[in-house]
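First the structure, in the form of C-alpha cells, and then the observations on it.
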C-alpha cells in the first residue's frame, strides 16, 4: 500500500502518541487507509469536479487554496498599520479555513460508520479517537499552511524574520482553535437539534463556501477600491471576542513597539484561549462529543398541523400550474426533492446565486474612483445594463440538466412499476416544478432590481427577456436526452451541463443582440414578444410530442 | 373482483441478456387467492420473471397475460392493481415517508387525505408511526422495509409481488406480516412470494414453484413436493432438485482453510 509523506513526518512525533497511551502502529495503519480514501473524495472547492476519481484531487484543491493565499498576500503589501493588515489577513484566513473545515471535514468529524468497522476489532477507543483528530489535523495544517504561505513569504520580505516567527507559531494556534470551535459548534447543535438539522446546516455552509469562492474571483480586482483604511482602532468591550484581533495584536507590539494595554491583553488572549480550548476539547468535549454523535441518526418529529396545511397549499399551487393530476403530483415531487436532496442543492444553489449576482457585479464595476453616487447612477441609467440579464438567463438555464440527477437515482425503478398512462405528464410536471421553484424566483429578483433602477419603462424588455428564457428552457429540454427526473447520477448530468452552457450562451447572446438592435433603433419590442410567445406555444407541443415512452 | 380465468398466465416465456438465456420457456397459470412461493438458486431467473410481470422489462419472448390482458399491448391499467416490494430497498430517501407515500399514492389515484389517514395508521400498526414525517434516510433497515411494504399495499392491490420482503424485519413484525399475507389471500388477493428463506416459504405458500437455470423444475403444494421427492423439508427438496449435494465437502474444506491460516 502507498506510504504517505505526512505519515513519515508524523513518525517523528511517535513518542508523543506513545506517551498518551495510543497504539501508534495501529493508528498509523488507520490513518493510511483514511488518507487513501480521501484521495478519492472530491472536495467542495474543486468546482468543475472532473471525472477522474483517483489521485491528486486534494492536490488540485491545494492549488485553489494557494490561489486564495495569493489574494490574502495582497493585504500584506501596502503600507498600512500592521494591526489592520493582520486583522484582515486573519479574518480572511479564519473564514477560509473554518469554511473548509465545515464543508469538507465535517464528514470526517461526524463519521459514525467507521465505528461499525473499527470498534468490533481489537483496537482501543483512545487509538481510534487519536486517529480521527490526527487525521483532521493533518489536513487542516496542510490547508492552513498553503493558504498562509504567500502571506508568510511576503511578510518576511517586508517586515523581517520576526514577523515570520510570530506568524508561523500562530498558524498552529489557529488550526487548533478552528478544530475546537467547529467541534463545539457541532456539539451545541447536536445538543439542541437532531442530526438532520446538523446535516442541513453543514449543507448551507457548503453552498455558502461555493458562492464565496465565485465571489472572491469576481471581487478580486475591486477590493482595494472599496476598502477604506482611514479608521482608527478604538477597542470596545466586544473587541475581545473577535479572534482576528487576538492574532493581529502581537504584530503591533513586537514589530511596531506599541505597548498599549489593549494590544497586550489581546495578545495574551490569542495565546491562552486556543491552548485552553485545545485542552478543554480533548479532556472534556471529545468523550461527550463521540457519545452525542449517536444522535446523528435521529430525526425529530415535526409539527404536523403546520405541515399538513403546507402540503395542502403546495397542492393548490401545483394544480394552478398543471393540466392534470399526474402533472401536479410530479410538480410537487420535484419541488420536494429539490428541498430535501442536499447534494442536489449543493450543485444547484451556487449556480443560481451566481446567476443573480453576476449582473449586479457588472453594475458595481461602475462605482469607485472619485465620482459621486449620483454621477455613477446617472451613467448606469443612461446605459442599457439591463441587457446583462441575458447573462443571468444563460446561467439559470444551465441548471436544467440537473433535473435528471439525484443522489438516490437508483430509486427510479419506481417509475416503471407505477401506473402512469401519459409519460409526458412526468416531464411536464417535473420541468414546471423545477422552473417555478428555482428559475422563476431568481429571474424575478434580478428583474425587480433592474426595474427599481430603470423604472417601469423597461417592463416590456423584462417581459421579452422572460419569454426568451422560457423559450430557451423549452429548446434545451427538447434537445436534451430526456432522462426521467432524478434518475441519473451527478457525473452523467454534468456532461450535458457544459453543452447547455455553450448552446444556451449562444442563444442568449443572439437574443441580446437582436434585443439591443430593437432598442437602438427605438423599435417597439411588442412584435418581438408576440413572436417569442408564439414560438413557445409551438415548441412546447413539439418538445413533448416526441416523448412516446420512458427513456 | 372474482376471476375464474387465471389471474396471471405465462406462456413459453423466454428472456436473453446478450447471449445468456435467463429464462428458457416458462409456462405458468396462477389463480386468484393463491400464495405462490417462487424459489430458486441465485441467478435462476426469479427477479427477471417478476420484472417482466411488472412491465419493467419488455424485451422478452412469449406471452404474458395479467387479468386476462396481454401486457405487451401497452395498456398499463393493470398496474393500478399491482403492488411490488423489490429486493433492494432503493427509495428516494431524502424525502420523508409522508412525502414519498403521498407521491406514490397520488399516482395510484388516491387523494392526499386518504393517503395520510391510511399511511399514518399503517405505520403506527407497524410500530413506526413516529417516523412518518422524518426523512427516510434516517430510517433503520427494518423501518425502510416496513415503508416499502406499506408503499406496495397502500392502494389495496389485487396482486402482490414480494421479493425477500422480510429482510431486516424483527421477529414480531415478521409474525404480523405473515398473518397479513394469510388474510389478504383469504380475501382473494394473489401473492407472488420470492425468497431464499425456505422455512417461511414452506409455511405460507399454497403453491411452490422452483426455478433452476431458467426452467421450472417443480410446481405444486409443499405436500405434493414432499410426496414426490421423498424429502422432509423444503430446504432438502431444494438441494435435491437443484442438484446440489456437496455442501458438506465444501464446508469441511472452508474450515480447513481457516485452521491452516492460523497455523502459519
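Chains as they are written, first to last, in my numbering: chain A, 279 to 829; chain B, 11 to 274. By construction, the Cβ of each residue, glycine as well, lies at the ideal position given by its N, Cα and C atoms. Since this is a predicted model, take the numbers as computed values, not measurements.
Residue i: buried (16+ other C-beta within 10 angstroms of its C-beta) or exposed?
{"i": "residue 824 of chain A", "result": "exposed"}
{"i": "residue 628 of chain A", "result": "buried"}
{"i": "residue 228 of chain B", "result": "buried"}
{"i": "residue 311 of chain A", "result": "exposed"}
{"i": "residue 257 of chain B", "result": "exposed"}
{"i": "residue 782 of chain A", "result": "buried"}
{"i": "residue 39 of chain B", "result": "exposed"}
{"i": "residue 337 of chain A", "result": "exposed"}
{"i": "residue 684 of chain A", "result": "buried"}
{"i": "residue 211 of chain B", "result": "buried"}
{"i": "residue 98 of chain B", "result": "exposed"}
{"i": "residue 259 of chain B", "result": "exposed"}
In its own chain, which residues sit with a C-beta less than 6 Å from the C-beta of residue i, not counting the 5 before and 5 after it?
{"i": "residue 143 of chain B", "result": "106, 108"}
{"i": "residue 76 of chain B", "result": "18, 88"}
{"i": "residue 704 of chain A", "result": "608"}
{"i": "residue 325 of chain A", "result": "Only weak support exists for where residue 325 of chain A lies, its pLDDT of 47 falling under 50; the value from the coordinates is given anyway. Contacts found: none."}
{"i": "residue 640 of chain A", "result": "666"}
{"i": "residue 743 of chain A", "result": "667"}
{"i": "residue 282 of chain A", "result": "313"}
{"i": "residue 596 of chain A", "result": "606, 609, 610"}
{"i": "residue 544 of chain A", "result": "523, 524, 527"}
With DSSP collapsed to three states, give me the class of residue i.
{"i": "residue 789 of chain A", "result": "helix"}
{"i": "residue 638 of chain A", "result": "helix"}
{"i": "residue 782 of chain A", "result": "helix"}
{"i": "residue 800 of chain A", "result": "coil"}
{"i": "residue 47 of chain B", "result": "strand"}
{"i": "residue 34 of chain B", "result": "strand"}
{"i": "residue 188 of chain B", "result": "helix"}
{"i": "residue 25 of chain B", "result": "strand"}
{"i": "residue 121 of chain B", "result": "coil"}
{"i": "residue 200 of chain B", "result": "strand"}
{"i": "residue 72 of chain B", "result": "strand"}
{"i": "residue 343 of chain A", "result": "helix"}
{"i": "residue 79 of chain B", "result": "strand"}
{"i": "residue 694 of chain A", "result": "helix"}
{"i": "residue 325 of chain A", "result": "The predicted model places residue 325 of chain A with a pLDDT of 47, which falls under 50 and marks its position as unreliable, so this point remains unresolved."}
{"i": "residue 536 of chain A", "result": "coil"}
{"i": "residue 171 of chain B", "result": "strand"}
{"i": "residue 225 of chain B", "result": "strand"}
{"i": "residue 631 of chain A", "result": "helix"}
{"i": "residue 99 of chain B", "result": "coil"}
CB residue i to CB residue j, shorter than 8 Å?
{"i": "residue 746 of chain A", "j": "residue 620 of chain A", "result": "no"}
{"i": "residue 642 of chain A", "j": "residue 670 of chain A", "result": "no"}
{"i": "residue 714 of chain A", "j": "residue 599 of chain A", "result": "yes"}
{"i": "residue 201 of chain B", "j": "residue 170 of chain B", "result": "yes"}
{"i": "residue 623 of chain A", "j": "residue 485 of chain A", "result": "yes"}
{"i": "residue 682 of chain A", "j": "residue 765 of chain A", "result": "yes"}
{"i": "residue 118 of chain B", "j": "residue 689 of chain A", "result": "no"}
{"i": "residue 174 of chain B", "j": "residue 150 of chain B", "result": "no"}
{"i": "residue 884 of chain A", "j": "residue 444 of chain A", "result": "With chain A covering only 279 through 829, there is no way to say anything about residue 884 of chain A."}
{"i": "residue 476 of chain A", "j": "residue 468 of chain A", "result": "yes"}
{"i": "residue 33 of chain B", "j": "residue 53 of chain B", "result": "no"}
{"i": "residue 104 of chain B", "j": "residue 148 of chain B", "result": "no"}
So, for residue i: in the same chain, excluding its five sequence neighbours on each side, which residues have a beta-carbon less than 7 Å away from its beta-carbon?
{"i": "residue 423 of chain A", "result": "449"}
{"i": "residue 800 of chain A", "result": "none"}
{"i": "residue 414 of chain A", "result": "383, 386, 387, 457"}
{"i": "residue 295 of chain A", "result": "302, 305, 408"}
{"i": "residue 65 of chain B", "result": "81, 86, 89"}
{"i": "residue 741 of chain A", "result": "807"}
Residues of chain C with a CB under 9 Å from the CB of residue i: which are they?
{"i": "residue 66 of chain B", "result": "No chain C is present in this structure, whose protein chains are A and B."}
Kindly give me the distance between the Cβ atoms of residue i and residue j, rounded to whole angstroms, as I take these residues to be in contact under 8 Å.
{"i": "residue 179 of chain B", "j": "residue 152 of chain B", "result": "5 Å"}
{"i": "residue 93 of chain B", "j": "residue 21 of chain B", "result": "Actually they do not touch by this definition, with Cβ atoms about 24 Å apart."}
{"i": "residue 489 of chain A", "j": "residue 369 of chain A", "result": "Going by Cβ atoms, the distance from residue 489 of chain A to residue 369 of chain A rounds to 18 Å, so no, they are not a contact pair."}
{"i": "residue 432 of chain A", "j": "residue 546 of chain A", "result": "Their Cβ separation, rounded to whole angstroms, is 27 Å, which puts residue 432 of chain A and residue 546 of chain A out of contact at 8 Å."}
{"i": "residue 659 of chain A", "j": "residue 731 of chain A", "result": "7 Å"}
Apart from the five residues on each side of it in sequence, which residues of its chain come closer than 8 Å, Cβ to Cβ, to residue i?
{"i": "residue 440 of chain A", "result": "532, 533"}
{"i": "residue 340 of chain A", "result": "420, 421, 424"}
{"i": "residue 67 of chain B", "result": "25, 58, 61"}
May I ask you to check if the CB of residue i is nearer than 7 Å to at least one heavy atom of the ligand SAH?
{"i": "residue 120 of chain B", "result": "Of the ligands one can find in the structure shown there are none, so the ligand SAH has no counterpart to examine."}
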